[in-house]
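Residue numbers (this note's numbering), protein chains in the order written: chain A, 1 to 223; chain B, 1 to 223. Working notes, beginning with the structure itself.
There are 2 protein chains.
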Amino acid sequence: MTDRILVIEDDQRLGTQIVEHLREAGFETLWRTAGELILPGALPGFSLLVLDLMLPGKHGLDILKHLRTYSQVPVLVLSARTSSADKVRAFKLGADDYLTKPFWPEELIERVRARLRRPAMQRGEPLRFGGLELDLGARLASVRGKPVELTRVEFDLLAALAQRTGEAVTRKWLADNVLDPDKEGTERTLDVHVSRLRKKLEGEELIETVWGIGYRLRGGSPR
Amino acid sequence: MTDRILVIEDDQRLGTQIVEHLREAGFETLWRTAGELILPGALPGFSLLVLDLMLPGKHGLDILKHLRTYSQVPVLVLSARTSSADKVRAFKLGADDYLTKPFWPEELIERVRARLRRPAMQRGEPLRFGGLELDLGARLASVRGKPVELTRVEFDLLAALAQRTGEAVTRKWLADNVLDPDKEGTERTLDVHVSRLRKKLEGEELIETVWGIGYRLRGGSPR
DNA sequence: GCGATCGCTTAAGGGCATCTTAAGGAGGGG
DNA sequence: CCCCTCCTTAAGATGCCCTTAAGCGATCGC
């Protein structure tokens, strides 16, 4: 199972660069530009967080501090501040590593790898949506505590929606990314999988139809 | 339980300083000036190794490389070399962190702390999964107390799954990491090993098939 | 309200991933 | 040089589940 990494970086250029390198290195990467997007419900599923503290100063550290009240996810801090005091402050707030800008992408990758090499923390926390629990690493799902057997496509489909909670995902995107992209007539196939998925998640009306667009997963709840 | 830290540093001034700060921070510290002193028998008992690569160049990296053949102890590397290539090389050889000289002792302390915050790793204790007991160090396995003879590949395969308990591990990853990575048609080979492994672990249905993905070891002691 | 479009459900068929068994061959120890 | 262990390869059997098709139901534009 590939590790999922969340990158919080408001600089477009740097963000693009980081994400590109991480993907090249084989990591599944999600890039957000605002620290506010680190919500309790959004973090589960990620193995590591790359957090740029930005320049405004305290802002980034506040995010980190708050984050540590509800999550133990490993955090690699990026910052332009090179002073010892700044680093110490970040570490004391729970940072796992601290990299000063500018840096070489190769070093970032290796530091991420070094952090993930340790098996104990490798697994992201399971995602939760109402009565649904989704463990991306184990590829296991359960509804209200009861395990639910999902096929490969069913799981991938659910995971794809789960990673873009509240967002309407187009049929085309799902067909291209979850199903075999080579196939043509995958439109109807998708219906079938969604149908079966809904039946298996009986009782939980999580997958909403967005008419003429695709589907949307009802928002996750912060455990 | 205070953590014990081994420091390899040949510079007297710097060594004194490091040890002083570590002790001040509450760590039990042992200081050696020669890397040769990192013997397989000496390492157990230490939670972390601070390793100065010194200037002579390759010497320190060789120590690290050799070390990794028999120990998984976390290693924080100190070095005067600041280039990206040097850092990447160290990480690839298994370093967990890399600090360039000169540095502030506070940062070293915090990096050591950040590293030790994470759950203590396997300290030689055997892993347990249901009736299976797996000693990675001794390469011994037993089922319900009875020793089971595993071949090299079988043990590595089981160990690979065990170190990622509960996680769905892809066939490709297993083929690349457990079997000879150069080979091409290793897909079928994997089946055979899994099959034999299951037979030897008779009674314990530990290795689950994740259809279309790979395999998963049923969780015994998760995270 | 009506037709057209889009989505849902059920059922059936077959492709293909996986399992098992058997035999070939490489490497190490005696 | 022979034997033994064990990794690999091959081939056939098994059955999972992806896809396709077809009819019904829902929704939208007018």
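C-beta atoms are modelled at their ideal positions from N, C-alpha and C, and glycine is treated no differently. The model shown is predicted, which means the values in this text are computed figures rather than measured ones.
Subject >> A:T82 in three-state terms, based on DSSP >> reply: In the structure shown, the three-state DSSP call for A:T82 is coil.
**OP:** Within the same chain, show all residues whose beta-carbon is closer than 6 angstroms to that of B:L150, passing over the 5 residues directly before and after it, in chain order.
**Re:** The residues are A141.
Original post:
Terminal residues of the continuous alpha helix (DSSP H) containing A:G240?
Top reply: Outside the modelled stretch of chain A, which goes from 1 to 223, sits residue 240 of chain A, for which no answer is possible.
Original post:
Taking the continuous beta strand (DSSP E) assigned at A:D97, which residues delimit it?
Top reply: In the DSSP assignment, A:D97 falls within the beta strand (DSSP E) that extends over 97-100.
Original post:
B:K87 versus chain A: which residues are under 7 angstroms apart at the beta carbon?
Top reply: Within chain A, the residues near B:K87 are E107, E110.
Original post:
Where DSSP assigns a beta bridge to A:D3, which residues make up the other side?
Top reply: Beta-bridge pairing links A:D3 to no other residue.
Original post:
chain A beta carbons: is any one of them nearer than 7 angstroms to that of B:A162?
Top reply: No, B:A162 does not count as interfacial toward chain A.
**OP:** Pull up the distance between the alpha-carbon of B:I63 and that of A:D52, whole angstroms please.
**Re:** Near 34 angstroms, if we compare the C-alpha coordinates of A:D52 and B:I63.
Subject >> B:P102, buried or exposed, once every other Cβ within 10 Å from all chains shown has been counted against 16 >> reply: Counting Cβ neighbours within 10 Å, B:P102 comes out exposed, since fewer than 16 surround it.
Original post:
In this structure, what does DSSP give as the bridge partners for A:L136?
Top reply: Bridge partners of A:L136: none, in fact.
**OP:** Identify the continuous alpha helix (DSSP H) that holds B:L190 and give its terminal residues.
**Re:** First-last of the alpha helix (DSSP H) with B:L190: 186-200.
**OP:** Evaluate B:P147 with the Cβ neighbour count: other Cβ atoms within 10 Å of its Cβ, from every protein chain shown; 16 or more gives buried, anything less gives exposed.
**Re:** Classified as exposed, B:P147 has fewer than 16 neighbouring CB atoms from the shown chains inside 10 Å of its CB.
Original post:
Are there 16 or more other CB atoms within 10 angstroms of the CB of A:T209, so buried, or fewer, so exposed?
Top reply: Exposed, by the Cβ-count rule.
Subject >> Interface partners of B:S84 on chain A, CB under 7 angstroms >> reply: Going along chain A in sequence order, the residues near B:S84 (Cβ under 7 angstroms) are W104, E106, E107.
Original post:
Straight-line CA distance for A:Y249 to B:L134?
Top reply: Only positions 1 to 223 of chain A appear in the structure, and residue 249 of chain A is not among them; the question remains open.
Subject >> Reference A:E154; option with closest CA among A:G131, A:T189, A:G130 >> reply: The residue with the shortest Cα to Cα distance from A:E154 is A:T189.
Original post:
Which whole-angstrom value describes the C-beta separation of B:L108 and B:I18, a residue pair presumed to lie in contact below a C-beta threshold of 8 angstroms?
Top reply: A Cβ-Cβ separation of about 7 angstroms places B:L108 in contact with B:I18 under the 8 angstroms criterion.
Subject >> B:A100 versus B:R113, B:R115, B:S84, residue with shortest Cα-Cα distance >> reply: Correcting the residue identity first, residue 100 of chain B is Thr in this sequence and not Ala. Closest option to B:T100, Cα to Cα, is B:S84.
Original post:
Taking the C-alpha atoms as reference points, what is the distance between B:P105 and A:L30?
Top reply: Taking the straight line joining both Cα atoms gives about 35 angstroms.
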